[in-house]
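For reference, the structure discussed in these notes is given below.
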Amino acid sequence: MTLPLDRDHRPPYVQVAEYLRRQIQTGVLKPGDQIPPSRELQEKFGIASATVQNAFRMLKSEGLIYGVQGRGSFVRRPEGEPEQAQDEQAAGEGAPESAAPKPTPSETRYFNLAMDVEELKHELAGLKRDMAKMFTLMQKMADHIDGRES
């Protein structure tokens, strides 16, 4: 399975985040469930590790998942569900990530800029493909004109 890169102009990390978000919203992934490992998602969608990590960051910033060092990422219980701390502590053998400090404004700005850069990279790649096609067509036109004038 690959991402619909040709049909969807959003950056790949946004597409992966949307895929995982739907899995959570439809109950395929339930609170406390482990998110598929990064490597599995890379192979499934044919994407880079950084793309998966950006998708995870996006879902963490939305409060849908939390990470446990060395164990992976897990679906967070919605606000108000009582077993949240218990499940997260069991998964992480320590304090839940919600006890971690919130990102500073500069960290949030950095993350947002990093996402913008990824989106611009995706757009630039599309422009490069378009320009290569245009160059090829111009070359064919020039060859055709040269052939007629000879």
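In my numbering, the protein residues as written are 321 to 470.
Positions of the beta carbon are idealized from the N, C-alpha and C atoms, including for glycine.
Source: prediction; values computed, not measured.
Report task. Measure the C-alpha to C-alpha separation of phenylalanine 455 and histidine 442 and round it to an integer number of angstroms. Result -> Here residue 455 refers to the residue found at position 135 when the sequence shown is read from its first residue. Here residue 442 refers to the residue found at position 122 when the sequence shown is read from its first residue. Going by the C-alpha atoms only, they are around 20 angstroms apart.
Report task. My understanding is that valine 372 touches serine 358, with C-beta atoms under 8 angstroms, so please give their C-beta distance in whole angstroms. Result -> Along the sequence shown, one-based indexing puts residue 372 at 52. Along the sequence shown, one-based indexing puts residue 358 at 38. About 4 angstroms separates the two Cβ atoms, so the contact holds.
Report task. Helix, strand or coil for glycine 446, going by three-state DSSP, please let me know. Result -> Within the sequence shown, residue 446 is the residue found at index 126, counting from 1. Residue state, collapsed to three classes: helix.
Query raised in the report: What span of residues does the beta strand (DSSP E) with valine 388 cover, start to end?
Result: The sequence position of residue 388 within the sequence shown is 68, counting from 1. Run containing valine 388: 385 to 388, per the beta strand (DSSP E) assignment.
**Report entry** Span of the alpha helix (DSSP H), counted from its first residue to its last, around valine 395
**Finding:** Here residue 395 corresponds to residue number 75 of the sequence shown, with the count starting at 1. That residue, valine 395, is in no alpha helix (DSSP H); its beta strand (DSSP E) goes 392 to 395.
Query raised in the report: Between the C-alpha atoms of leucine 379 and lysine 460, what's the straight-line distance to the nearest angstrom?
Result: Numbered from 1 along the sequence shown, position 59 holds the residue referred to as residue 379. Numbered from 1 along the sequence shown, position 140 holds the residue referred to as residue 460. When rounded, the distance between both Cα atoms is 47 angstroms.
Query raised in the report: What are the residues that DSSP puts in a beta bridge with glutamine 354?
Result: Translated into positions along the sequence shown, residue 354 becomes position 34. According to DSSP, glutamine 354 bridges with Phe394.
Report task. Indicate whether alanine 375 and tyrosine 430 have their beta-carbon atoms separated by less than 7 angstroms. Result -> Against the sequence shown, residue 375 aligns to sequence position 55. Against the sequence shown, residue 430 aligns to sequence position 110. Their beta carbons are not under 7 angstroms apart, which means alanine 375 does not touch tyrosine 430 by this criterion.
**Report entry** Presumed contact (8 angstroms Cβ cut-off) between valine 388 and glycine 352, rounded CB distance
**Finding:** What you label residue 388 is simply residue 68 of the sequence shown in a count that begins at 1. What you label residue 352 is simply residue 32 of the sequence shown in a count that begins at 1. No, valine 388 and glycine 352 are not in contact; Cβ-Cβ is about 12 angstroms, not under 8 angstroms.
Query raised in the report: Taking the C-alpha atoms as reference points, what is the distance between glutamate 360 and serine 369?
Result: Stepping through the sequence shown from its first residue, residue 360 is reached at position 40. Stepping through the sequence shown from its first residue, residue 369 is reached at position 49. Looking at the two C-alpha atoms, the distance is approximately 10 angstroms.
Query - C-beta contact flag for leucine 384 and isoleucine 344 at 7 angstroms - result: On the sequence shown, position 64 is the one that residue 384 refers to. On the sequence shown, position 24 is the one that residue 344 refers to. Cβ atoms of leucine 384 and isoleucine 344: closer than 7 angstroms.
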